[in-house]
Amino acid sequence: MATSGDDESKNLDKLNTNIARIEALTQRLITAFARKQPQRSELQGPDPALYMRAATAYWSEMINNPSKVLEHQVGYWGKTLKHFVEAQEVLRKGQLAPPEDHTPDDRRFSNPLWKSHPWFNFVKQQYLMSSQAMEAAIANLDTLDASEKKRLEFFGRQMIDMLAPTNFLATNPDALERAVATDGESLVKGMENLVRDLESNDGELLVTLSDKEAFKVGGNIATTEGAVVFRNRMFELIQYKPTTEKVYETPLLIFPPWINKFYIMDLKAQNSLIKWIVDQGYTLFVVSWVNPDASYRDVGMDTYVEEGFLTAIEKVKEICDVKTINTIGYCIAGTTLSLTLALMNKRRNRAVKSATFFTTLTDFSDQGEVGVFLSDDFIDGLEAEVREKGFLHFFYMSRTFSYLRSNDLIYGPAIRSYMLGDAPPAFDLLYWNGDGTNLPAKMVVEYLRDLCQQNRFAEEGYTVCGEKVTIEGVKVPLCAVACETDHIAAWKSSFRGVAQMGSKDKTFILSESGHIAGIVNPPSKKKYGHYISDATLEDADDWRAGATHHEGSWWPRWEAWLRGRSGKQIAARPLPEEVLAPAPGTYVTADPNAEDG
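Here it is, written out as structure tokens:
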């Protein structure tokens, strides 16, 4: 029978062991931080002049409309003081309980102690009241330019989220409870996770979102059977093995975004859009883009169009011995497919029978949430970075998109990993999210300056491969799928671009959910619905008001649309006898050694 002395001895041994582990981890932490390279200040946040202009606008508001500012200040201080008095009064009466809590529900504060414990409840209420006051102060800056106000609201929210009490050990009851329950083991594991992430990213803090050992591309994800049938310096062309005896005569070619890797559409059999399309009886080809290094410095949009899109289209025609094919473009690849179609129209090239666009922007007059990163201060910094390195490291894009959902993709995972000591989950979508790609220097600047900032394709025209093309030049039958809560390609912006295209045969589908989940939405899950309407594509709000909601995935509805443009059924086309590699190919797993670039 163990004695209290034995227990104390075991606890002491465990404490000494943990102290030794912490000392070793501290040395590794110092070494990891020492490897951190200086980063351009322009890429770490908006130009400080933004905050100076905001401060000037606030003082101007105070001088010109003092009653409005005083009302705001008095309201805020009144609420905080009232809450403090109420908390003191409850404690004075000998009750170890918080006062009434009228703050809104927030999933960050799901631990019951945030409601029941006087200290944690006090911290939570004060934080939420201060957050509301900061947001209101920004909202009331009427003299600030609209675009700058939008940026200030975004970066103000980033600071508010960063300062949440859940992000600090002393004010996070989940982390404190776990530390007590594990005799501090959770904190040691958390430090191990922190050191691992810093070492993996040369001193930069990038939270590991998924267990990197749980998945293997071509092993347990990206496993739909197929082969690489063509390769050049820009892409590998994958043809997938048919699973039906007959297929539609017109083949289908998917252009995925080169900002990420194509296998988001082929994570596993249950949610693979690629497998589902093959199972519906289509000869399917998918482009797998190269992950560029510094040698791709001079690759621009012209190269992606000529050596990428146009070459892939011709190769599919050649392999299938057809005159026309159907195409899909996802995100930036949808934007570039639009440029390509407008160019083909100008050249009288009729090789594309129809086009489908997934979450595609072609009119950038309203850039949505991501627009806060498209001002000159950030773009100037990116231009200087790629001019020096020859490419844009995937770290920057990953961090930018993470900040659009910072609580889900930064602070929440950091809390679980560094404070609770949890291992990263085995989640295929998050694994893909962390498997980033680099971008060529010239292409980055052209895309951000000419398309995003200057909106040339939708306005005066964009020059590609020596021809000036406009959005009206997209004349093939088209179907566009946008996502209701998309943080990257806002659905109304996507709608506005489609509305301007010159096609007389246009279909628009609005899927529920966001940029990824709204697209990777298999019918078997019966999760997210979609909206359709017979109304003309003129005004997004009018279209949405008259749209009909349908349960379940949009995939079958789109496939019915595609079927009508895919010709007769013929005997299934087998894979060529001579291929370059089995799917998913070599480009998707190649390491460009970009960090040494």
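Per our numbering, residue 589 is the first one in the sequence shown, and the count goes up by one each step. All C-beta atoms, glycine included, are put in the ideal place defined by N, C-alpha and C. If you're wondering where the values come from, they're calculated on a predicted model, not measured in any experiment.
What is the DSSP secondary structure of K804, reduced to helix, strand or coil? coil
Own chain partners of A1182 with C-beta closer than 7 Å, once the 5 adjacent residues on each side are dropped: With a pLDDT of 43 at A1182, under the threshold of 50, the modelled position of that residue is not reliable, and the figure given next carries that caveat. The answer, listed in chain order, is D881, F979, H981 and N1026.
Hey, which unbroken runs of the alpha helix (DSSP H) at 4 residues or more fall wholly within the segment 1026–1100? 1029–1034 and 1079–1088
Among A725, S788, E1047 and A675, which residue has its Cα nearest to the Cα of L617? Of all alpha-carbon atoms in A725, S788, E1047 and A675, the one lying nearest the alpha-carbon of L617 is that of S788.
Would you decide whether D1184 is buried or exposed? Buried here means 16 or more other CB atoms lie within 10 Å of its CB. Only weak support exists for where D1184 lies, its pLDDT of 43 falling under 50; the value from the coordinates is given anyway. D1184 comes out exposed.
For the putative contact between V816 and L1163, defined by C-beta atoms under 8 Å, what is the C-beta separation to the nearest angstrom? Not a contact, Cβ separation roughly 10 Å.
Could you round the C-beta distance between V887 and M1031 to whole angstroms and report it? I think they count as a contact, below 8 Å. 6 Å
Between the CA atoms of A1171 and G1140 - distance to the nearest angstrom: 30 Å
Does DSSP classify F756 as helix, strand or coil? coil
Using only alpha-carbon positions, find the residue among A642, I901, K856 and K777 that is nearest to T605. K777
To the nearest angstrom, report how far apart F850 and I865 are at their CA atoms. 15 Å
Quick one: using the 10 Å Cβ neighbour count with 16 as the cut-off for buried, is R1084 buried or exposed? buried
Figure out for me which residue from E902, P1013, A1123 and D785 has the closest Cα to the Cα of F621. D785
F989 - containing beta strand (DSSP E), residue span: Per DSSP, F989 belongs to no beta strand (DSSP E); it is in the alpha helix (DSSP H), F982 to Y991.
As assigned by DSSP and simplified to three states, the class of P839: For P839, the secondary structure class from DSSP, reduced to helix, strand or coil, is coil.
Considering only the beta carbon of each residue, do H1138 and G1117 sit closer than 7 Å? yes
Is the Cβ-Cβ distance between S774 and Y1019 less than 7 Å? Going by beta carbons, S774 and Y1019 fall outside the 7 Å limit.
Tell me which residues share the same chain as D749 and place their Cβ nearer than 7 Å to its Cβ, disregarding the 5 neighbours each side in the sequence. S994, N995 and Y999
Helix, strand or coil: how does DSSP classify H690 here? When secondary structure is reduced to three states using DSSP, H690 falls in the coil class, being assigned neither helix nor strand.
Based on Cα-Cα distance, which residue from T947, K1063, L962 and I826 lies nearest to S953? Among T947, K1063, L962 and I826, the Cα nearest to that of S953 is on L962.
Could I get the ranges of all uninterrupted alpha helix (DSSP H) runs contained in the segment 1138–1167, with 4 residues as the minimum, in chain order? 1143–1151
Tell me which residue opens and which closes the alpha helix (DSSP H) that F743 is part of. A734 to M750
Is the separation between the beta-carbon of E902 and that of G1173 shorter than 7 Å? no
Neighbourhood of H671 by C-beta, 6 Å cutoff - its chain only, sequence neighbours within 5 removed: Q713
If you run the structure through DSSP and keep just helix, strand and coil, what is V904? helix
Sort A642, D762 and V678 by Cα distance to S698 and report the nearest one. For the residues A642, D762 and V678, the minimum Cα distance to S698 belongs to D762.
Within 8 Å, do at least three Cβ pairs link the segment 1062–1078 to the segment 1031–1042? no
Determine the burial state of L925: buried for a count of at least 16 other Cβ atoms within 10 Å of its Cβ, exposed for fewer. L925 comes out buried.
When DSSP labels each residue in this structure, what does A675 get in the three-state scheme? helix
Would you identify the three-state DSSP class for G1185, choosing helix, strand or coil? Here the model assigns G1185 a pLDDT of 37, short of 50, so the residue's position is not dependable and the matter cannot be decided.
Continuous beta strand (DSSP E) stretch holding S942: start and end: V940 to F946
Short of 7 Å in beta carbon distance, which residues of its chain neighbour E765, apart from the five on each side in sequence? Order them along the chain. Excluding residues up to 5 positions away in sequence, nothing lies with its Cβ nearer than 7 Å to the Cβ of E765 in the same chain.
In whole angstroms, what separates the C-alpha of A608 from that of A769? 20 Å
Measuring alpha carbon to alpha carbon, tell me which residue in T1124, R623, I907 and D601 is nearest G772. D601
Looking only at its chain, what residues have a beta carbon closer than 6 Å to the beta carbon of A580, apart from the 5 residues adjacent to it on each side? Outside the shown range of the chain, which is 589 to 1185, sits residue 580, and nothing can be said about it.
Is the beta carbon of V1086 closer than 7 Å to that of A930? Contact annotation: A930 and V1086 have beta-carbon atoms that are not nearer than 7 Å.
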